[in-house]
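Peer 1:
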Ligand code: ZN
């Protein structure tokens, strides 16, 4: 089995300091959380950024500042910017940080409900446009999947050469309104990928650690962090993103799976 790539989603767009006071807003808070995650074994930082008051932004300048600050502490860590942004943002706005040519960016591959009131909206035309822009800037997409049809869409785009093969997927499970966090959903999705393709799983809320354990056992990779879950155990807030990464690293150790360094993650993902 390949070594385990841990991604830390340190910030997100929805979660606030009211949910957990350690959620980072400022540039220095984002750098602090990235360092805690990298020190604990995360090879990839999945990055959203905020204004100082916590409002999510896709400002290219703000991304550049945060990436520079992260680089001071974590020169080697892979940076993966979001193009999901927040649910109310336009496609152009969401694409802005790709122009910084980060090593990776997320690419939402369809449309679904997202909680009680919001939706993630991506037409196939939008997905093609995002894939084209990422290719222009030399950015490897992480294909975000919230529903099975999104895998089928992505595989069709792979077969047409719009997306490069082997592609890397992120199965986000447990979002209200989309596929739930049942481990059977993870095995079903993983089974649909052609050989050589890679995947990570992001379990939302209480699904985070059980799905991490399943992915560790199955040969998949794992994303954790405040974007997906703010608790280290039931009713106990995590002190940092690093504490969540540490827990995954510990689980992997118990199951005999080694953790990938950033250099090893680059090789596994063909970066
Ligand atoms: Zn995100």
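Residue numbers (this note's numbering): 1 to 271.
Quick reminder that beta carbons are idealized off the backbone N, C-alpha and C, glycines included.
Fair warning: this is a prediction, and the values are worked out from it, not measured in the lab.
Would you kindly report the start and end of the unbroken alpha helix (DSSP H) that includes residue 130?
Peer 2: 124-136
Peer 1: Quick check: the Cα distance between residue 313 and residue 250, rounded to an integer number of angstroms?
Peer 2: The question about residue 313 has no answer, for the chain in this structure spans 1 to 271.
Peer 1: Looking only at DSSP bridge pairs, what is residue 104 linked to?
Peer 2: Answer by DSSP bridge pairing, in chain order: 80 and 140.
Peer 1: Spatial neighbours of residue 13 within its chain, please: CB distance less than 6 Å, with the 5 preceding and 5 following residues excluded, ordered by chain position.
Peer 2: 48, 56 and 86
Peer 1: Label residue 123 either buried or exposed according to how many other C-beta atoms from any shown protein chain fall within 10 Å of its C-beta, with 16 as the threshold for buried.
Peer 2: exposed
Peer 1: Mind listing which residues have their beta carbon within less than 7 Å of any non-hydrogen atom of ligand 1? Chain order is fine.
Peer 2: Environment of ligand 1, chain-ordered: 9, 12, 13, 46, 48, 82, 84, 106 and 227, taking every residue with Cβ within less than 7 Å of a heavy atom.
Peer 1: Counting Cβ pairs, one atom from each stretch, are 3 or more of them under 8 Å apart for the stretch 220-239 and the stretch 184-202?
Peer 2: yes
Peer 1: Report the partner residues of residue 222 according to the DSSP bridge assignment.
Peer 2: Its beta-bridge partners are 6 and 201.
Peer 1: Do the stretch 61-74 and the stretch 27-34 make contact, defined as three or more Cβ pairs closer than 8 Å?
Peer 2: yes
Peer 1: Are the CB atoms of residue 98 and residue 91 within a distance shorter than 8 Å?
Peer 2: no
Peer 1: In whole angstroms, what is the alpha-carbon distance linking residue 190 and residue 260?
Peer 2: 20 Å
Peer 1: Could you check where the alpha helix (DSSP H) with residue 158 kicks off and where it finishes?
Peer 2: 148-159
Peer 1: Do residue 228 and residue 9 have their beta-carbon atoms positioned less than 8 Å apart in this structure?
Peer 2: The criterion of a C-beta distance shorter than 8 Å is satisfied by residue 9 and residue 228.
Peer 1: Counting along the chain, where does the alpha helix (DSSP H) carrying residue 66 start and finish?
Peer 2: 60-73
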